[in-house]
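Residue numbers (my numbering): 56 to 335.
Note that CB positions come from ideal geometry on N, CA and C, so glycine has one too.
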Amino acid sequence: MESIINYFETIPSLHRSILLVGGITFFWLLEGALPLFKFEYKKWKHAIPNLFFTLTTILINFGLAFVLLLSADWVKANDFGIINWLPNTPLWMYILIGVLLLDFFGAYLAHYVEHKVKPLWMIHLVHHTDHNVDTTTGNRHHPVESLIRFAFTLFGVFLVGTPIAIVMIYQSLSVVFTQLTHANIKLPKRIDKMISYFLVSPDMHKIHHHYRLPYTDSNYGNIFSIWDRLFGTYHYLDREKLVYGVDVFPDEQKNSSIVELLKQPFQKYDRPTLSSDVEN
Numbered sequence: 056m057e058s059i060i061n062y063f064e065t066i067p068s069l070h071r072s073i074l075l076v077g078g079i080t081f082f083w084l085l086e087g088a089l090p091l092f093k094f095e096y097k098k099w100k101h102a103i104p105n106l107f108f109t110l111t112t113i114l115i116n117f118g119l120a121f122v123l124l125l126s127a128d129w130v131k132a133n134d135f136g137i138i139n140w141l142p143n144t145p146l147w148m149y150i151l152i153g154v155l156l157l158d159f160f161g162a163y164l165a166h167y168v169e170h171k172v173k174p175l176w177m178i179h180l181v182h183h184t185d186h187n188v189d190t191t192t193g194n195r196h197h198p199v200e201s202l203i204r205f206a207f208t209l210f211g212v213f214l215v216g217t218p219i220a221i222v223m224i225y226q227s228l229s230v231v232f233t234q235l236t237h238a239n240i241k242l243p244k245r246i247d248k249m250i251s252y253f254l255v256s257p258d259m260h261k262i263h264h265h266y267r268l269p270y271t272d273s274n275y276g277n278i279f280s281i282w283d284r285l286f287g288t289y290h291y292l293d294r295e296k297l298v299y300g301v302d303v304f305p306d307e308q309k310n311s312s313i314v315e316l317l318k319q320p321f322q323k324y325d326r327p328t329l330s331s332d333v334e335n
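In structure tokens form, the structure reads like this:
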């Protein structure tokens, strides 16, 4: 475990880039072999806006990385944060608790708030208006949302007290799970269901991308599914019934335009009421 910590304390930027690009490439190829849906689209054309927003996310996170590093070094030097106030624990448990709590603050809580606060939901819409969810959808976030997500992660680092090694472990796992859970792949239902009891599975997350409430407002988790189960935000819907997108933004052409997507958060609309066809 100590060797893992040592590696992630100084993980080279090249290795992180390989994880991102390699992951997208792997799941892109896997989608061709085990597709969940046979989309009638030109895959490269669909990927262009998503990869554009992936690039903006990378640039923002890279530009603010020094803030994350300074914060992680400060909590370590000052023995500050939840995991530093716990009794002595084995290193593996220390890492697990740190990653688990960072997943709550940096992913679940951020995602939940974005759905419940209307101005933030309008920014988050860019992620949901993809009509053909695949592995490139994972980092389809408006630049403003990238800043919001970074702020929640930074808050998590302070509150949890995670050193930079655990932050890097969390972010690496987050990248992989984001690509996995958005990938247009079809796992056996029984296996997917078993995975979803502790980790976010592909089918579980795709329910979140269903075009109607209450499914859109459910399954907020990124790595661990326990937060949705603990806070009652888990929903189930058979994957054959999934329809991607947002019902009040049905224009697929506009939802594929980088310019339109950049403007999307500043449009006005009222969220629809809950649908009644809920499956628990």
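The three-state reading of DSSP puts Val303 in coil, since its state is none of H, G, I, E or B. Taking a contact as a CB-CB distance under 8 Å, the pair Thr191 and Ile79 counts as one, their CB atoms being some 7 Å apart.
In this model, Leu228 and Leu175 are separated by some 25 Å (Cα to Cα).
Put simply, the backbone Cα of Ile219 is about 5 Å away from that of Ala127. With a cutoff of 9 Å on beta-carbon distance, Val168 and Phe207 are scored as near each other.
Under the three-state reduction of DSSP, His290 is assigned to coil, being neither helix nor strand. Looking at the DSSP output, Ile150 sits in no beta bridge, so it has no partner there.
Using a Cβ distance threshold of 9 Å, Ile281 and Ser273 do not count as a contacting pair.
Excluding five sequence positions before and after Val298, the CB atoms of its chain that fall closer than 7 Å to its own CB belong to His265 and Tyr266, given in chain order. One alpha carbon belongs to Pro90, the other to Trp129, and they sit about 45 Å apart. Distance from the CA atom of Phe279 to the CA atom of His290, rounded to whole angstroms, is 15 Å. If the five residues before and after Val181 are omitted, its C-beta is found closer than 6 Å to the C-beta atoms of His197, Leu316 and Gln319, all from its own chain and listed in chain order. Nearest neighbour of Ser201 by Cα position, chosen from Ile178, Asp185 and Ile221, turns out to be Ile178.
Take Ile224, set aside five residues on each side of it, and the residues of its chain with a beta-carbon closer than 7 Å to its own are Phe63, Ile150 and Val154, in chain order. Nearest C-alpha to Gln234 among Ser68, Phe160, His70 and Val76: Val76. The DSSP assignment places 68 to 88, 98 to 118, 120 to 132 and 137 to 140 as complete runs of the alpha helix (DSSP H) inside the stretch 62 to 143, in order along the chain (cut-off: 4 residues). With respect to Ile103, Ile240 sits apart: the two C-beta atoms are not nearer than 9 Å. With 16 or more other Cβ atoms from the protein chains shown falling within 10 Å of its own Cβ, Ser311 counts as buried.
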